[in-house]
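Let me begin by presenting the structure, written as structure tokens, before commenting on it.
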Amino acid sequence: MKAKIFITLKEGVLDPQGKAIAQSLNNLGFTGINDVRQGRLIEIEIDKDNKPSAFKEIDQMCQKLLANTVIENYKIEIT
Amino acid sequence: MKAAVIIFPGSNCDNDAKSALEKLFNAEVSMVWHTDTSIPKVDLVILPGGFSYGDYLRPGSIASKSKIVEDVINKGKKGTPILGICNGFQILTETKLLPGVLIRNSNLKFICENTFLKVENNSSIFTSRYKYNEIINIPIAHHDGNYFADENTIKKIEDSNMIVFKYCEKNGSISKNSNPNGSIKNIAGVINKSGNILGMMPHPERAYDKLFGTVDGSKVFTSLLDKLLR
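See below:
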């Protein structure tokens, strides 16, 4: 089973890298950019019998290591 | 005085911490490798600066889940003094022993410079030899030292007097100008509620001898003697 985990910064957390990207896009002439937020995508291949058990396990991984929930949200997609 | 310094792959201030402890009070220092499972009985544990595990995922995150840190957490919860410097501070926030998190500097640059700090709490075991609001000069060297926590947490740590150091001007004023990395409220160092676990981004182990140009960091270590002699 393959899982994708999208880790994004919570609202209100400063994202200096996102700001730098926005600035650079502006410099390239792209207009109308209101905000850029940078996140992280983690792909995991895992042996599990069914989606719910894989989801449960990956949720634990996110809580324990993959995301820092003080500043980050995460979303799990399993295919 | 017995102390332990934990070494992770990528730690680079471990020997500086050891030297500081040996030179300041002839401490007996054990260097403990990250795959070890227990720390000897000591009066102080130091999590040193550096880039443990290459800062992969988030600074301090992988180290915070290492075998040896399980024992750091145990000892910390039982009251052993623990000092996390720079990467050590990042590790302590990742273990949740300290609140908040250290994110990328607001200017996106690695900053290596001397900073002025104000001692906001001199009643802790690490700062008892400083005067209240004393202004000290200690270097920083980090890419991710921008202290962040949500509003409730900030209020809680302010109310509980858990902010130990703040970046300030030479004259002591806490200003945006004197904030090197974007930290909320210019926070440079935070202690836990029980008062035995201190995390700080500035490097006191690089400021204990005249050769460094400043000796202002030495009291972070020598203050502990007051507690041990009690």
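Quick note, the sequences are listed as chains A and B, same order. Per our numbering, residue 5 is the first one in the first sequence, and the count goes up by one each step. Per our numbering, residue 3 is the first one in the second sequence, and the count goes up by one each step. Glycine residues also receive a C-beta, built at the ideal position from the N, C-alpha and C atoms. Treat the numbers as computed from the prediction; the structure is a model and nothing was measured.
### Message
Out of B:Ile70, B:Phe10, B:Ile105, which one is the CA nearest neighbour of A:Val17?
### Response
Position 13 of the first sequence, counting from 1, holds the residue named residue 17 of chain A. When each option's Cα is compared against that of A:Val17, the closest is B:Ile105.
#### Entry: Selected residue, minimal CA-CA separation from B:Asn123, among B:Gly184, B:Val166, B:Ser63
Here residue 123 of chain B refers to the residue found at position 121 of the second sequence. Ranked by Cα distance from B:Asn123, the first of B:Gly184, B:Val166, B:Ser63 is B:Val166.
### Query
Name the DSSP bridge partner or partners of B:Cys170?
Here residue 170 of chain B refers to the residue found at position 168 of the second sequence. For B:Cys170, DSSP records a beta bridge to B:Phe118.
### Message
Please state the DSSP three-state secondary structure of B:Leu23.
### Response
In the second sequence, counting from the first residue as 1, residue 23 of chain B sits at position 21. Residue state, collapsed to three classes: helix.
### Task
Check the Cβ of A:Ile75 against every Cβ in chain B and list those closer than 8 Å, keeping chain order.
Translated into the one-based positions of the first sequence, residue 75 of chain A becomes position 71. At a C-beta separation below 8 Å, A:Ile75 has these neighbours in chain B: Val103, Ile105, Phe150.
#### Entry: Enclosing alpha helix (DSSP H) for B:Ile141 [first to last residue]
Reading the second sequence from its first residue, position 139 is the one you call residue 141 of chain B. The sequence given here has Pro at residue 141 of chain B, not Ile. That residue, B:Pro141, is in no alpha helix (DSSP H); its beta strand (DSSP E) goes 137-144.
### 7 Å Cβ cut-off: residues of chain A touching B:Leu110
Working through the second sequence from its first residue, we reach residue 110 of chain B at position 108. Near B:Leu110 (Cβ distances below 7 Å), the residues of chain A are Pro20, Gln21, Ala24.
### Query
What is the residue span of the alpha helix (DSSP H) that B:Glu207 lies within?
Here the question's residue 207 of chain B lines up with position 205 in the second sequence. Per DSSP, B:Glu207 lies in no alpha helix (DSSP H) segment and is marked neither H nor E.
### Message
As a quick exercise: from A:Pro56, A:Glu15, A:Ser28, pick the residue whose alpha carbon is nearest that of A:Asn77.
### Response
One-based indexing of the first sequence puts residue 77 of chain A at position 73. With distances taken between Cα atoms, A:Asn77 lies closest to A:Glu15.
### Query
How many Å lie between B:Ser66 and B:Arg131 at the Cα?
As a working mapping, residue 66 of chain B is identified with position 64 in the second sequence. As a working mapping, residue 131 of chain B is identified with position 129 in the second sequence. Distance between the alpha carbons of B:Ser66 and B:Arg131 is about 30 Å.
### Task
Would you mind reading off the limits of the alpha helix (DSSP H) that contains A:Ile1?
There is no way to answer for residue 1 of chain A, as the model of chain A reaches only from 5 to 83.
### Message
For the ligand NAD, is there any heavy atom lying closer than 7 Å to the beta carbon of B:Asn109?
### Response
In the structure on display, the ligand NAD does not appear, and there are no ligands present to speak of.
### Query
What are the boundary residues of the alpha helix (DSSP H) that B:Ser32 is part of?
For the purposes of this step, residue 32 of chain B is taken as residue 30 along the second sequence, with counting starting at 1. Note, B:Ser32: premise wrong, no alpha helix (DSSP H); beta strand (DSSP E) at 30-35.
### Message
With a threshold of 6 Å on Cβ separation, who are the neighbours of B:Leu49 within its own chain once the five nearest residues in sequence on each side are excluded?
### Response
For the purposes of this step, residue 49 of chain B is identified with residue 47 of the second sequence, where counting begins at 1. Close CB contacts of B:Leu49 within its chain, under the 6 Å cut and outside five residues either way in sequence, are with Ile8, Gly86, Gly90, Ile93 (chain order).
### Task
Please compile the residues from chain B whose C-beta is within a distance smaller than 8 Å of the C-beta of A:Asn72.
Residue numbering aside, residue 72 of chain A sits at position 68 when the first sequence is read from its first letter. Chain B residues near A:Asn72: Arg60, Ser63, Glu96, Val103.
### Message
Using a Cβ-Cβ distance cut-off of 8 Å, determine whether A:Leu69 contacts chain B.
### Response
Taking the first residue of the first sequence as 1, we reach residue 69 of chain A at position 65. Yes, because at least one Cβ of chain B sits closer than 8 Å to the Cβ of A:Leu69.
### Query
Alpha carbon to alpha carbon, how far is B:Ile84 from A:Asp53?
Residue numbering aside, residue 84 of chain B sits at position 82 when the second sequence is read from its first letter. Residue numbering aside, residue 53 of chain A sits at position 49 when the first sequence is read from its first letter. The alpha-carbon separation between B:Ile84 and A:Asp53 amounts to approximately 43 Å.
### Message
Check for me: the beta strand (DSSP E) holding B:Val71 runs from which residue to which?
### Response
The sequence position of residue 71 of chain B within the second sequence is 69, counting from 1. Counting along the chain, B:Val71 sits inside no beta strand (DSSP E); it lies in the alpha helix (DSSP H) bounded by residues 69-80.
### Query
In this structure, does DSSP put A:Lys79 in helix, strand or coil?
Along the first sequence, one-based indexing puts residue 79 of chain A at 75. DSSP places A:Lys79 in the strand class (E or B) of the three-state scheme.
### Query
Is the shortest distance between the beta-carbon of B:Lys67 and the beta-carbons of chain A less than 8 Å?
Within the second sequence, numbered from 1, the residue matching residue 67 of chain B stands at position 65. It does: the Cβ of B:Lys67 has a partner Cβ on chain A nearer than 8 Å.
#### Entry: Own chain partners of A:Lys23 with C-beta closer than 8 Å, once the 5 adjacent residues on each side are dropped
Here the question's residue 23 of chain A lines up with position 19 in the first sequence. Hits under 8 Å: Val40.
#### Entry: Beta-ladder partner(s) of A:Phe10, from DSSP
In the first sequence, the residue the question calls residue 10 of chain A occupies position 6. Looking at the DSSP output, A:Phe10 sits in a beta bridge with A:Leu45, A:Lys79.
### Query
Looking only at its own chain, which residues have a Cβ that is under 8 Å from the Cβ of B:Ile41, when we skip the five neighbours before and after it?
Here residue 41 of chain B refers to the residue found at position 39 of the second sequence. Residues of the same chain with a CB within less than 8 Å of the CB of B:Ile41, apart from the 5 flanking positions on each side, are Ala6, Ile8, Ser32, Val34, Val47, Ile70, Asp73, Val74, Lys77 in chain order.
### Message
My output table needs one value for B:Thr216: the three-state DSSP class, helix, strand or coil.
### Response
As a first step, residue 216 of chain B is located in the second sequence; it is residue number 214 there, counting from the start. In the structure shown, B:Thr216 sits in a strand (DSSP, three-state: E or B).
### Message
Along the chain, where does the alpha helix (DSSP H) containing B:Phe233 start, and where does it finish?
### Response
Within the shown structure, residues of chain B are numbered from 3 to 232, placing residue 233 of chain B beyond reach of any answer.
### Query
Using the C-alpha atoms, what's the distance from A:Asn31 back to A:Asn38?
Counting from 1 along the first sequence, the entry for residue 38 of chain A is found at position 34. Counting from 1 along the first sequence, the entry for residue 31 of chain A is found at position 27. The alpha-carbon atoms of A:Asn38 and A:Asn31 are separated by roughly 14 Å.
### Message
Can you tell me which residues form a DSSP beta bridge with B:Ala6?
### Response
Numbered from its first residue, the second sequence carries residue 6 of chain B at position 4. B:Ser32, B:Val47, per the DSSP bridge assignment.
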